[in-house]
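Asks: Below are the structure tokens for one structure; questions will follow.
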Amino acid sequence: MSLNITNVSKTYKGGLWKNGTQALCDVDFTLNNGKTLALIGQNGAGKTTLIKCVLNLLYPDKGKITFDESEIELLIKNGELGYMPESMRFPDMITLKEYVSDLMDLRGKKFGDYQERFNELVDKFYMTPHINKVFSKYSKGTMKKAAFIQAILHNPKLLVLDEPTDGLDPVSRRILLNEVTKIKQSGGTVIITTHILSDLQIVADEVIVLQKGVLIKHSQMNEIKGSLDDWYIETLLKNGGLENL
Amino acid sequence: MNKVIKYKLNYLLSNKLILIFSAILFLLLNFNALSSGVLTSVGSAINIEAKYQLLFNNYLVVSVVYGLIMAIFLGSSIVGPDAQTGNIQVILTSYHSRTKYFIGTFLAVLIYSTVIQILLFINIYLLMLIFKVPYLWSDILVGFTQNYLNMLVAMSVTGLASIFIKGHGSAFVGLLAYTYYNVYEYNALPFINSSLPFNIAQYRNILGNFFPISYFMAPSYTEPSTIAYFKFTPIIPNIYIYQILYIALILVLSCVFFNRKEI
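Following this line, the structure appears as structure tokens:
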């Protein structure tokens with residue numbers, strides 16, 4: 076029971092005057108269910124591309140991605156995938172409850188069955204005053220919390236979080252990480268990317284470092300001695316990824 | 008697919024811009040129909056046929072323009088706005104079929120447009136009732152059927168463009184197509200006609216195949232020669248069948264492109 080990523084490569088096509096860019100090159104790893112994987116790397120390393128390939132939003136040129144030996148499409152069909160994009164804006168004139176209700180419908184689930192959990196999450200993230208406000212009135216941080224709530228409300232089997240803590244206050248960050256831990260404890264598999272490495276030490280079981288689309292290191296978190304920042308910099312130095320440091 | 012339709016209708020109904028846009032165009036439509044003759048004719052010696060002609064003609068001409076602009080705007084909301092905000096990423100990871108998503112959103116804007124068409128229909132009926140003009144069902148039904156199919160043509164083309172252009176930017180493609188129609192149908196842009204060594208309208212039957220919009224003139228008061236002059240015949244002689252096939256083809260192409268589209 077796992078997420079299998081087998082030799083995935085992806086090149087963004089160039090135009091008439093521009094060469095293509097290789098974003099991923101033979102990325103290959105397995106993540107067991109109930110584990111949290113941290114994807115780290117510099118800007119443009121291929122983290123978001125890999126995530127989008129996993130989510131079926133981008134199509135790899137080569138390789139295969141399966142979850143529990145089935146296509147990711149089956150996971151989406153069963154409404155068992157949760158995704159929080161790095162940046163997004165919800166439709167301006169809709170409230171969070173209306174949006175989440177529609178989304179649960181699209182996932183083939185009844186919002187009523189999750190109403191209690193929804194109220195609990197809204198309360199936990201101090202979102203109660205915003206419950207009847209339309210999204211156009213949300214701040215960046217509130218929008219981020221709303222994006223997280225929609226991603227985890229249905230207790231997905233696979234949860235993908237792209238820079239979830241970026242722009243959040245320290246309290247909300249900690250609450251978010253606690254919720255990720257709960258999803259993991261209930262058997263959910265989580266992929267998380269962030270540049271705030273201290274967050275990863277709280278939730279992640281495994282770490283993958285991507286450099287220019289290549290997987291240069293895959294380690295268990297408990298194998299890393301000392302701070303994750305130092306380990307990361309050291310890994311990049313060993314692989315020639317920090318010429319300007 | 009019902010879930011997608013519900014989601015999109017919620018979006019459309021919550022979008023105040025679309026509601027305000029609809030309301031303003033409705034007001035303009037009535038203002039034009041009323042101000043351009045009928046009001047001045049009330050109480051005068053103008054005959055009933057002329058009254059009907061003025062009211063119906065003015066209303067229908069504007070409602071064709073109205074319908075097309077509305078269809079272009081609604082068509083541009085099929086994929087574009089969700090792609091611009093990034094919301095489409097969440098939608099497509101929550102709903103498994105891109106084909107059903109596209110068709111569902113198309114049907115949602117179609118339902119929205121149908122409601123507008125019904126309101127237009129009631130509107131003209133009330134106008135004719137108020138000004139005591141005979142209500143010729145045959146003319147009006149033909150007019151609204153043509154208007155409806157024209158809207159669908161414009162909506163499908165703009166919907167296809169909305170896969171590639173974020174926000175409501177694809178409305179620009181719809182407006183270009185509408186301009187193209189005006190050029191081949193009426194030579195509406197004089198500088199184009201005067202700069203060409205031939206009359207572009209003589210190629211109407213060829214050009215019209217690429218954006219088939221049917222021009223309507225009520226047969227009960229229009230000279231047959233005028234109808235014949237503006238008549239456009241695509242490669243399939245029946246324009247209705249041609250328009251339906253055209254819309255189906257554009258929808259199939261849209262689904263193919265949307266399935267291949269990387270988000």
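So the protein lines, in turn, are chains A and B.
Counting in the numbering used here, the first sequence runs from 76 upward without gaps.
Counting in the numbering used here, the second sequence runs from 8 upward without gaps.
Where a beta carbon is used, it is the ideal one built from N, C-alpha and C, also for glycine.
Computed from a prediction, not measured in an experiment: that's the story for all the values here.
Can you check whether the CB of D180 of chain A is closer than 8 Å to the CB of K10 of chain B?
Replies: It is a contact, given that the beta carbons lie within the stated cut-off.
Asks: Does T100 of chain B have its Cβ less than 8 Å from a Cβ in chain A?
Replies: It does; some Cβ of chain A falls within 8 Å.
Asks: Report yes or no: is there a C-beta of chain B within less than 8 Å of the C-beta of S162 of chain A?
Replies: Closer than 8 Å to some Cβ of chain B, the Cβ of S162 of chain A qualifies, so yes.
Asks: Whose C-beta lies closer than 8 Å to the C-beta of Y213 of chain A among residues of the same chain, with five residues either side of it excluded?
Replies: Once the five neighbours on either side are set aside, the close Cβ partners of Y213 of chain A are F165, H205, A221.
Asks: Mind listing the chain C neighbours of K139 of chain B? Cutoff is C-beta to C-beta under 8 Å, in chain order.
Replies: The structure shown contains no chain C; its protein chains are A and B.
Asks: List, in order along the chain, the chain A residues whose C-beta lies closer than 7 Å to that of H103 of chain B?
Replies: What H103 of chain B touches in chain A: E148, I151, K152.
Asks: Under 6 Å Cβ to Cβ from P135 of chain A, same chain only, skipping five residues before and after it: list those, please.
Replies: Taken in chain order, the residues that qualify are V83, K85, C128.
Asks: Taking DSSP as the reference, what is the three-state secondary structure of G262 of chain A?
Replies: Coil at G262 of chain A, not helix or strand.
Asks: Within 8 Å of any Cβ in chain B, is that where the Cβ of M168 of chain A sits?
Replies: Interface residue, yes.
Asks: Buried or exposed: F38 of chain B, going by 16 or more other Cβ atoms within 10 Å of its Cβ?
Replies: With fewer than 16 Cβ atoms within 10 Å of its Cβ, F38 of chain B is classed as exposed.
Asks: Can you tell which of B:Y132, B:N194, B:T106, B:R267 has its C-alpha closest to the C-alpha of L62 of chain B?
Replies: The shortest C-alpha separation from L62 of chain B is found at B:Y132.
Asks: Whole angstroms is fine: what's the gap from I227 of chain A's alpha carbon to I271 of chain A's?
Replies: Approximately 21 Å between the Cα atoms of the pair.
Asks: For chain A, find out if any of its Cβ atoms is closer than 8 Å to the Cβ of G5 of chain B; answer yes or no.
Replies: Residue 5 of chain B lies beyond the range of chain B shown here (8 to 270); nothing can be said about it.
Asks: Would you say R182 of chain A reaches chain B, if we count a Cβ-Cβ gap shorter than 8 Å as a contact?
Replies: So, interface residue.
Asks: What span of residues does the alpha helix (DSSP H) with F109 of chain B cover, start to end?
Replies: Note, F109 of chain B: alpha helix (DSSP H), 105–137.
Asks: State yes or no: is the beta carbon of Y18 of chain B nearer than 8 Å to at least one beta carbon in chain A?
Replies: Closer than 8 Å to some Cβ of chain A, the Cβ of Y18 of chain B qualifies, so yes.
Asks: Assuming Q209 of chain B is part of the alpha helix (DSSP H), what are its boundary residues?
Replies: Note, Q209 of chain B: premise wrong, no alpha helix (DSSP H); not H, not E.
Asks: Might you give, ordered along the chain, the residues of its own chain that have their beta carbon closer than 6 Å to the beta carbon of H293 of chain A, omitting 5 neighbours on each side?
Replies: Answer for H293 of chain A: F104, I283, listed in chain order.
Asks: May I ask which residues mark the beginning and end of the alpha helix (DSSP H) holding I283 of chain A?
Replies: No alpha helix (DSSP H) holds I283 of chain A; the beta strand (DSSP E) holding it covers 281–286.
Asks: According to DSSP, what are the bridge partners of M163 of chain A?
Replies: In DSSP, M163 of chain A forms no bridge with anything.
Asks: Any Cβ of chain A within less than 8 Å of the Cβ of E269 of chain B?
Replies: Interface residue, yes.
Asks: For K23 of chain B, which residues in chain A fall below 9 Å Cβ to Cβ?
Replies: In chain order: D167, M168.
Asks: By the 10 Å Cβ neighbour count, where 16 or more other Cβ atoms means buried, how is E254 of chain A classified, buried or exposed?
Replies: Buried is the call here.
Asks: Does Y134 of chain A get closer than 8 Å to chain B when you measure Cβ to Cβ?
Replies: True, the Cβ-Cβ gap to chain B drops below 8 Å.
Asks: What number of angstroms, rounded off, separates the C-alpha of I123 of chain B from the C-alpha of L148 of chain B?
Replies: Cα to Cα, I123 of chain B sits roughly 15 Å from L148 of chain B.
Asks: Chain A beta carbons: is any one of them nearer than 8 Å to that of Y14 of chain B?
Replies: Yes, Y14 of chain B counts as interfacial toward chain A.
Asks: Tell me, please, whether the CB atom of T92 of chain B is closer than 8 Å to any CB atom in chain A?
Replies: Yes, T92 of chain B counts as interfacial toward chain A.
Asks: Grab me the residues of T123 of chain A's own chain with a C-beta within less than 8 Å of its C-beta, minus the 5 sequence neighbours each way, in chain order.
Replies: For T123 of chain A, where only same-chain residues beyond five positions count, the Cβ hits under 8 Å are E161, D237, T268.
Asks: Sorted by chain position, which residues of the same chain lie with C-beta nearer than 6 Å to G150 of chain B's C-beta, five sequence neighbours on each side aside?
Replies: Counting only Cβ-Cβ distances below 6 Å, and skipping sequence neighbours, we find L67, F223.
Asks: Closer than 8 Å by beta-carbon distance: list the chain B residues that pair up with E173 of chain A, in chain order.
Replies: Within chain B, the residues near E173 of chain A are N17, S21.
Asks: Which residue's Cα is closest to the Cα of G263 of chain A: A:E195, A:V102, A:N107?
Replies: Here the closest residue by C-alpha is A:N107.
Asks: Would W306 of chain A be called buried (16 or more neighbouring beta carbons within 10 Å of its own) or exposed?
Replies: Buried, since its Cβ has 16 or more Cβ neighbours within 10 Å.
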